[in-house]
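Structure record follows, encoded as structure tokens.
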Amino acid sequence: MSARPNRSAFPLMRLVLAAALGAGALSPAEARERKAAPASIAVDYGIALAGLPIGTARLAGTFESAKYRVDVSATLTGLVGAITGGQGSARSAGIIAAAPQPNTFSIATRTANSGIAVRMALAHGNVTQSEVTPPLVDVDDRVPVTAANKRGIMDPASALLMPAQASGELTNPDNCSRTLPVFDGATRFNVVLSYGETRAVEKPGYSGPVLVCNARYQAVAGHRPDRPGVRFMEENRDMSVWLAPVEGTRMLVPIRISVRTTVGTNIIEATRWVRGAATAEAPATTGSLASR
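Listed below in structure tokens is the structure:
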């Protein structure tokens with residue numbers, strides 16, 4: 013008999029990969045106008061919960077004309093890491109049209125006691141195949157995921173790629189205003205971004221203005237509506253992502269993410285920003301965003 017997976021470590025990966033993390037790629041107009049040389053970005057992050065460091069994360073993306081690939085990984089460290097053994101990685105590849113259109117997506121997370129993997133194939137934003145291992149446990153109160161819920165979506169890693177949608181400066185407030193329709197292989201949800209303010213920041217590798225975008229979570233399908241964690245996230249007003257422009261591209265990359273949780277504020281903040289660096293390979297298989 014298969015054991016029910018322990019999903020206690022998955023909220024961290026959800027925050028890193030989907031709850032308002034934003035990166036960007038070449039705009040469709042630029043991709044049509046010229047064949048750009050391959051560009052890359054690598055950002056290392058520190059993760060803190062309630063003021064205590066608990067882990068690290070990394071985003072590494074490559075962009076060539078309208079094609080993209082993005083790898084995201086996170087590892088819990090210190091006492092939390094020693095207890096849980098929590099780590100995860102995700103990879104997505106596809107093309108940039110009006111929005112990212114992934115062709116393939118995989119994600120894996122594991123703790124000391126369990127692991128989950130998700131693989132998806134997509135075409136034009138529509139899921140053609142998906143697999144969750146081990147399968148989710150059937151429960152009566154889970155909102156069914158319909159075929160319609162799997163159309164016109166982004167996977168969690170592709171949702172991190174936000175082409176500039178406003179002309180002019182990348183710090184135009186309109187570049188915050190968008191809704192990300194995310195399907196992670198088990199759950200369909202929206203991440204709604206809106207403009208908060210513009211700030212000036214200085215970090216290793218970056219100094220300049222950033223957009224502060226407020227974020228909201230909207231459950232759509234695959235979730236359990238009466239679960240305290242779902243209700244908390246839907247009512248959460250304390251989520252934001254700070255997006256920094258990458259010089260020479262129509263690209264915005266997250267430099268800071270803040271999300272209030274039931275045990276304190278989770279902050280994911282850049283510790284190193286490298287434009288044009290060779291991107292690292294993420295582990296091929298380590299879990300899932302299907303945490304409930």
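Under the working numbering, think of the first position of the sequence shown as 13, with each following residue one higher. Cβ coordinates follow ideal geometry from the N, Cα and C atoms, glycine included.
is_contact[residue i, chain C] using C-beta, thresh 8 Å
i    : result
R154 : Given the protein chain composition of this structure (a single chain), no chain C is represented.
Coil, strand or helix - residue i by DSSP
i    : result
L172 : helix
V286 : strand
V242 : helix
E281 : strand
P185 : helix
E247 : helix
N161 : helix
L91  : helix
T123 : coil
A129 : strand
R268 : strand
E76  : strand
T237 : Inspection of the sequence shows that residue 237 is occupied by Pro rather than by Thr. P237: coil per DSSP, three-state reduction.
V258 : coil
L148 : coil
P114 : strand
T273 : strand
S252 : strand
R70  : strand
P65  : strand
A178 : coil
E45  : Note on E45: pLDDT 41, under 50, position unreliable in the model; no value is reported.
Terminal residues of the alpha helix (DSSP H) in which residue i lies
i    : result
M166 : Looking at the DSSP string, M166 is not in any alpha helix (DSSP H), and its letter there is neither H nor E.
Residue i - containing beta strand (DSSP E), residue span
i    : result
E209 : R200 to K215
V144 : N138 to T145
D83  : K79 to L88
A51  : A51 to L61
A231 : Y218 to A233
G305 : The structure shown does not extend to residue 305, since the chain is modelled only from 13 through 304, so no value can be given for it.
V194 : R190 to F195
Cβ shell of residue i (< 6 Å), same chain only, five flanking positions each side left out
i    : result
P185 : Y207
Y218 : A256 and W285
M245 : Y229
R70  : D56 and S85
L61  : G276 and N278
A178 : N184, D186 and N187
Same chain, Cβ closer than 8 Å to residue i, neighbours up to 5 away in sequence not counted
i    : result
S142 : V130, R131, M132, A133, K162 and G197
H235 : R154, V155, T199, F201, V242 and R304
N248 : R228, Y229, V271 and R272
T89  : P65, I66, G67 and T68
I267 : V55, V213, K215, Y218, V222, W254, L255, A256, E281, A282 and W285
E259 : R287
V194 : A30, I165, M166, D167, P168, A171, R200, F201, N202 and V203
7 Å CB neighbourhood of residue i in its chain, flanking five on each side removed
i    : result
K79  : I107
Q113 : G106, I107, H136 and G137
T183 : T210, P221, L223 and P257
T191 : N202 and V204
Segment contact, 8 Å Cβ cut-off, at least three pairs: the segment 254–274 with the segment 220–234: yes
The segment 151–160 in contact with the segment 226–233 per 3-pair CB rule at 8 Å: A contact is defined here as three or more CB-CB pairs under 8 Å, and the segment 151–160 meets this definition with respect to the segment 226–233.
Cβ contact check for the segment 202–216 and the segment 131–139: 3 or more pairs under 8 Å: Short answer: they don't touch.
At least three beta-carbon pairs within less than 8 Å, the segment 72–91 to the segment 267–278: no
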